[in-house]
Amino acid sequence: MRFAHSPVLAPTFPPWRARLVLIALGVAFGVLVGRAAYLQGWNRDFLQAKGESRYSRTLEIPAHRGRILDRNGEALAISTPVKSIWAMPDDVALSARQLAALAGALGVPREEVGRRLAATERDFVYLRRQVPPETAERVATLGMPGIYQSKEYRRYYPAGETMAHVLGFTDVDDVGQEGIELAYQSELAGRPGSRRVIKDRLGQVVEDVESVREARDGRDLVLALDSRIQSLAYAQLKRAVEHHRANGGGIVVLDATTGEVLALANLPTYNPNNRAKLVGSQLRNRAVTDAFEPGSTLKPFTIALALEMGRLAPTTLIDTAPGSLTIGPATIRDPHPEKALTVEQVIQKSSNVGAAKIALQLPAAAMWDMFDDVGFGTAPQLGFPGEAIGRVRPYKSWRPIEQATMSYGHGIAVSLVQLARAYTVFARDGELLPLSLLKLDGPPPGKSVLSQRTAGMVRHMLELAVEPGGTAPRARIMGYRVAGKTGTAYKQENGGYVPGKYIASFVGFAPASRPRLVVAVMIDEPTDGEYYGGAVAAPVFAEVMAGSLRILGVPPDAPMNPIELPPAALEVRESA
Amino acid sequence: MARLSFVALIALTVCALGLVTSQHQARKLFVELEHEQARGKQLEVESGQLQLEASTWSMHTRVERLARERLRMRSPEAKRIQVLEAPPAERQ
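Chains A and B, in that order, are what the protein sequence lines are.
For what it's worth, this note's numbering labels the leading residue of the first sequence as 1, then goes sequentially.
For what it's worth, this note's numbering labels the leading residue of the second sequence as 577, then goes sequentially.
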């Protein structure tokens, strides 16, 4: 029998069964095709993203805050990375011994760490922020679960308290809070970026997919400040404030040729690297934010106006007898009554009566214009937060007595920076310069306020004031001609003058033949007997000016004769 | 025909392996680049820290104190200062 005809092989099943199997297979195949089409067609983007998330990561690219440099490139503020230690309290399970080890490594009391970790309702607690790298290393070697570290930036100020007020400081997130750090926040701050990358199983980045956002580092800021002059100014101011047991003080050094601020210091101050016990008075940048009644340092402006209007010549005699002048209920007095003084001597001896008599000859509007022109009553636009605009009342409301007292700096308030800037008018042949905290390439255009002739005449009077016979022989320095004016003013508190409380000041410039620097010094409430501007503030001026001229290598314009002070009894004192 | 297919298969295999190798090489080089870039960042940070340190050491007050105390230096007295006029050619 042939194999093909074997009865075993004879079809015994009905033909529909074969067809059923075929249809079943067909349907199953159709389902697979449909599923594949569904996944690859409709759901494609979602699945692709899911797949990529297994190996692609978005990484943060950190950007650091710009440095602050002085004009010679010395670093004044630098951000450097530090670690912050944080925890997810739910994931942390520590034995008492481990807790003690952690607290020890962190340098935080054990109870404090325990208390923070006990806050299980929170997902995130800082254990300690901004620790040095060594501490972070120690914590990392403990290898405790649930304890993490993140990178942050902390700003350091190598100059410490010397430049605290100018630079200001940043908060724990490296955002500017005070001073330059706040004023130039947008320039200094960096903008972190991010990029998408592919990582392999070892966690190494193997491919750059795309840059989501470019990182941008903060811009470096080059200040006009000269750190050598700044530290000199600070040291001298500090010495004077301590020696005269004063409440505080301020000093401003300007470059008379460009209007750049070479130094600006205040007392009391603080250490920006350690701000644990900071009080409000330490934070105040007095030279910029506080207006005070300047006293006699304002006399040259009134005299300059009178000279400019042609009312007087430097040798015109002013009748100052009997050393007092009564206007209505008020009397203005000179401490050293003289019969008559020339206009030059009014400045040299700082006569209140003389200045008041000159002021009373002038129209109030012209005086107000003069004050406005030299920048009193308007913010100096340094860019600092909270700059004082001072107080110059509208001239229409001036009474004669007020016009008289304003001529010698009472009833008008200015900040030390405004005062220093106003003196650039005399130092620069009548031109007022805008001030700059940033280093400039060249002198900015100034505004002409006085004629060259008037400025020259006032400069000569200011030179006389520091000669023997003037109020500030202690402002002289060896080898240079100095010009300047003292001020001693009653301190104003709650709208009235307080007897026994004074503000001593001195503003001047040198070398007088070709002024290079303007220095303004203010000492608040000297309480150690001496309180005259010529005795308290002038020596600070002399020290700072002499040192700064030497640092800058300014050629001397006077013979190198040692300075001899007139005997104390002969010293001319100005009135408050 | 069969021989042509075989040659094409060999060529394809070689190309495929080449692609794999070059991709691997590229990734290795990229990892190296990343390492170097990270090192660059690290060095930048270090340079900032060193600059900070240099600035701290060279603070004017500290230098002056050391000059006075350790080196016993002082400012010259008035009598001992001699001012020399620079010849006009050297002046700016």
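Ideal Cβ positions, reconstructed from N, Cα and C, are used throughout, including at glycine.
Since the structure is predicted, the reported quantities are computational estimates derived from the model, not experimental observations.
Beta strand (DSSP E) segment containing residue i, residue limits
i	result
phenylalanine 376 of chain A	That residue, phenylalanine 376 of chain A, is in no beta strand (DSSP E); it is neither H nor E in DSSP.
tryptophan 633 of chain B	Segment 578 to 633 is the alpha helix (DSSP H) holding tryptophan 633 of chain B; no beta strand (DSSP E) there.
valine 166 of chain A	Segment 164 to 167 is the alpha helix (DSSP H) holding valine 166 of chain A; no beta strand (DSSP E) there.
aspartate 319 of chain A	317 to 319
leucine 267 of chain A	261 to 267
isoleucine 198 of chain A	193 to 199
methionine 545 of chain A	Note, methionine 545 of chain A: premise wrong, no beta strand (DSSP E); alpha helix (DSSP H) at 538 to 552.
valine 172 of chain A	Per DSSP, valine 172 of chain A belongs to no beta strand (DSSP E) and is neither H nor E.
isoleucine 251 of chain A	248 to 255
leucine 517 of chain A	517 to 524
threonine 342 of chain A	340 to 342
Where residue i sits in the DSSP three-state scheme
i	result
leucine 283 of chain A	helix
methionine 649 of chain B	coil
proline 7 of chain A	helix
isoleucine 303 of chain A	helix
isoleucine 327 of chain A	strand
isoleucine 347 of chain A	helix
proline 133 of chain A	helix
alanine 395 of chain A	Note on residue identity: the sequence assigns tyrosine, not alanine, to residue 395 of chain A. Looking at tyrosine 395 of chain A - three-state DSSP - the assignment turns out to be helix.
tyrosine 126 of chain A	strand
glutamine 668 of chain B	With a pLDDT of only 48 at glutamine 668 of chain B, under the threshold of 50, the placement of this residue in the model should not be trusted; the figure read from the coordinates follows. In this structure, glutamine 668 of chain B counts as coil in the three-state DSSP scheme.
glutamine 658 of chain B	coil
isoleucine 412 of chain A	coil
threonine 424 of chain A	helix
glutamate 161 of chain A	helix
aspartate 91 of chain A	helix
glutamate 210 of chain A	strand
threonine 80 of chain A	strand
isoleucine 68 of chain A	strand
alanine 475 of chain A	helix
alanine 75 of chain A	strand
arginine 514 of chain A	coil
alanine 382 of chain A	Correcting the residue type first, residue 382 of chain A is leucine in the shown sequence and not alanine. Three-state DSSP puts leucine 382 of chain A in coil, outside helix and strand.
leucine 278 of chain A	coil
threonine 12 of chain A	coil
leucine 438 of chain A	strand
leucine 221 of chain A	strand
Beta-ladder partner(s) of residue i, from DSSP
i	result
threonine 486 of chain A	A/Phe506
valine 113 of chain A	Bridge partners of valine 113 of chain A: none, in fact.
glutamine 149 of chain A	A/Ile85
lysine 447 of chain A	A/Leu432
lysine 491 of chain A	A/Val498
threonine 58 of chain A	A/Arg196
tyrosine 480 of chain A	A/Ile477
arginine 154 of chain A	A/Thr80
alanine 291 of chain A	A/Ser415
isoleucine 332 of chain A	A/Leu325
arginine 216 of chain A	A/Arg191
Limits of the unbroken alpha helix (DSSP H) element including residue i
i	result
isoleucine 180 of chain A	179 to 183
leucine 32 of chain A	15 to 37
glycine 51 of chain A	44 to 53
isoleucine 229 of chain A	227 to 243
arginine 459 of chain A	452 to 466
glutamate 564 of chain A	Here glutamate 564 of chain A belongs to no alpha helix (DSSP H), and DSSP marks it neither H nor E.
serine 407 of chain A	400 to 407
isoleucine 358 of chain A	352 to 360
arginine 97 of chain A	96 to 106
Partners in chain C for residue i, counting only beta-carbon separations shorter than 9 Å
i	result
alanine 235 of chain A	Annotation note: the requested chain C is absent from the structure, which comprises protein chains A and B.
Counting pairs of Cβ atoms below 8 Å between the region 96 to 114 of chain A and the region 241 to 254 of chain A, do you hit three or more? As far as the Cβ criterion goes, the region 96 to 114 of chain A does not touch the region 241 to 254 of chain A, which means the pair count is below three.
Are there three or more Cβ pairs, one per stretch, closer than 8 Å when the region 282 to 299 of chain A is compared with the region 384 to 392 of chain A? Cβ pair count under 8 Å is three or more, so yes.
Sufficient close CB pairs (3 or more, under 8 Å) joining the region 359 to 376 of chain A to the region 402 to 422 of chain A: Touching, per the Cβ criterion.
Report yes or no: do three or more beta-carbon pairs, one from the region 422 to 433 of chain A and one from the region 446 to 463 of chain A, lie closer than 8 Å? A contact is defined here as three or more CB-CB pairs under 8 Å, and the region 422 to 433 of chain A meets this definition with respect to the region 446 to 463 of chain A.
Should the region 623 to 642 of chain B be called in touch with the region 60 to 79 of chain A, which here means at least 3 C-beta pairs below 8 Å? Inter-segment contact for the region 623 to 642 of chain B and the region 60 to 79 of chain A is present: three or more beta-carbon pairs are separated by less than 8 Å.
Does the count of Cβ pairs from the region 131 to 143 of chain A and the region 39 to 53 of chain A closer than 8 Å reach three? With the cut-off at 8 Å, the region 131 to 143 of chain A and the region 39 to 53 of chain A do not touch.
Three or more beta-carbon pairs under 8 Å between the region 585 to 597 of chain B and the region 510 to 523 of chain A, yes or no? Verdict: no, contact absent.
Contact the region 436 to 446 of chain A vs the region 259 to 272 of chain A: 3+ CB pairs below 8 Å: The region 436 to 446 of chain A and the region 259 to 272 of chain A touch, with no fewer than 3 CB-CB distances between them shorter than 8 Å.
Does the count of Cβ pairs from the region 523 to 537 of chain A and the region 496 to 504 of chain A closer than 8 Å reach three? Contact between the region 523 to 537 of chain A and the region 496 to 504 of chain A is present, with at least three C-beta pairs closer than 8 Å.
For the pair the region 303 to 312 of chain A and the region 172 to 186 of chain A, tell me if three or more CB-CB distances fall below 8 Å. Contact between the region 303 to 312 of chain A and the region 172 to 186 of chain A is absent, with fewer than three C-beta pairs closer than 8 Å.
Inspect the CB distances between the region 479 to 489 of chain A and the region 545 to 564 of chain A and report whether three or more fall short of 8 Å. Yes, they touch.
Are the region 147 to 158 of chain A and the region 75 to 92 of chain A touching by the rule of at least three beta carbon pairs closer than 8 Å? Taking 8 Å as the limit for Cβ pairs, the verdict is that the region 75 to 92 of chain A does touch the region 147 to 158 of chain A.
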